[in-house]
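In numbering that gives the first Met the number 0, the protein residues as written are 0 to 112.
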Amino acid sequence: MGLNELIRRRVEKLLGDYCENRIPIHVRTKLKLGYGIRGNSVTLFEERKSYQGDEWIKNKIAQFRYNQDDNKWALYWWRHTGRWYRYEDVKPNSNFEVLLEEVEKDPLCIFWG
0 MGLNELIRRR VEKLLGDYCE NRIPIHVRTK LKLGYGIRGN SVTLFEERKS
50 YQGDEWIKNK IAQFRYNQDD NKWALYWWRH TGRWYRYEDV KPNSNFEVLL
100 EEVEKDPLCI FWG
């Protein structure tokens, strides 16, 4: 089952603003942020323009998973092994913004490098 309409709209607003504001205007022809929603998971990704043509290469940054049983979001990070791993330095939270702020701060350098 997917996110309810109210939660989905809130997440779309927050991530839409985040993606719009994080990348400076002068770089947007080569780098952009986006997100996708599938079921109860929201994936934040970065897209970079390929050096060999007009293709865009997508890299996964973070995933937010919503648990309807306790109304909390959990944060995951993408590893080169091709799997998502639970980010243990912040507990699941009902406030999506708390997890998004953790991604932005990236104290362990696993989201932005």
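For every residue, glycine included, the Cβ atom is placed at its ideal position computed from N, Cα and C.
Please identify the residue among Arg78, Val41, Pro23 and Gly1 whose C-alpha is closest to the C-alpha of lysine 115. This structure leaves residue 115 out entirely; the chain is present only between 0 and 112.
Alpha-carbon to alpha-carbon, phenylalanine 110 and glycine 81: For the purposes of this step, residue 81 is taken as residue 82 along the sequence shown, with counting starting at 1. For the purposes of this step, residue 110 is taken as residue 111 along the sequence shown, with counting starting at 1. If you take the alpha carbons of glycine 81 and phenylalanine 110, they lie about 14 angstroms apart.
Would you kindly check if the distance between the Cβ of glycine 38 and the Cβ of glycine 1 is under 8 angstroms? On the sequence shown, position 2 is the one that residue 1 refers to. On the sequence shown, position 39 is the one that residue 38 refers to. Yes, the Cβ-Cβ distance between glycine 1 and glycine 38 is below 8 angstroms.
Take aspartate 88 and list the residues in its own chain whose beta-carbon comes closer than 6 angstroms to its own, dropping the five residues that flank it on each side. As a working note, residue 88 is residue 89 in the sequence shown. There are no such residues.
Alpha carbon to alpha carbon, how far is lysine 57 from aspartate 69? Residue numbering aside, residue 57 sits at position 58 when the sequence shown is read from its first letter. Residue numbering aside, residue 69 sits at position 70 when the sequence shown is read from its first letter. If you take the alpha carbons of lysine 57 and aspartate 69, they lie about 32 angstroms apart.
Where do the N-terminal and C-terminal ends of the alpha helix (DSSP H) with lysine 90 fall, by residue? Against the sequence shown, residue 90 aligns to sequence position 91. From DSSP, lysine 90 is part of no alpha helix (DSSP H); its letter is neither H nor E.
Host alpha helix (DSSP H) of leucine 13 (start-end): One-based indexing of the sequence shown puts residue 13 at position 14. Per DSSP, leucine 13 belongs to the alpha helix (DSSP H) from 4-21.
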